[in-house]
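Inspection log for the structure reproduced underneath, given as structure tokens.
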Amino acid sequence: MASDEQSRASDIQVTLAQAAAALTAQHPFNIVFDRGDDISVELYAPVGRDNQMPHERDELYIVASGHGTFSRGDERVPFGPGDLLYVPAHVPHRFETFSDDFKTWVIFYGPKRTAPRERDAV
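Following this line, the structure appears as structure tokens:
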């Protein structure tokens, strides 16, 4: 019975250590919880450079470990463990600098949003 309970518990709790064990330099994202268009949770630990592009959904980062500088649009902020960072859909963002031990939970939520159209120059 304990093994059945343990297998069902996988969607109740995921530890940082469990999520981090699946990360590699080639695969810096590990999806740990996914409910389609409602919400998904990943652990992200980039190596060397953050190559993210804007996303179709709003996004929250909860920094698990490490520190550095985060940019969103023209804004830059320092971050550290426990910090919450918010990025609206389609806004350019990246972790500009980060320590070797940097890991962050990534939460995508809400509906996919259409990218705003650029207006023609008049």
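Here the sequence shown stands for residues 1 to 122, numbered as in full-length UniProt numbering.
Ideal placement from N, C-alpha and C gives every residue a C-beta, glycine not left out.
T69 sits away from T114, with the two beta carbons spaced by 7 Å or more. Annotated as proximal: V63 and P81, with beta-carbon spacing under 7 Å. Residues D37, R57 of the same chain have their beta carbon placed closer than 8 Å to that of P111, with the five preceding and five following residues left out of the count. Straight across, the Cα-Cα distance linking P116 with H90 is about 8 Å. In the DSSP assignment, L85 falls outside any alpha helix (DSSP H) and within the unbroken beta strand (DSSP E) covering 84–87. Secondary-structure assignment with DSSP links P78 through a beta bridge to T69.
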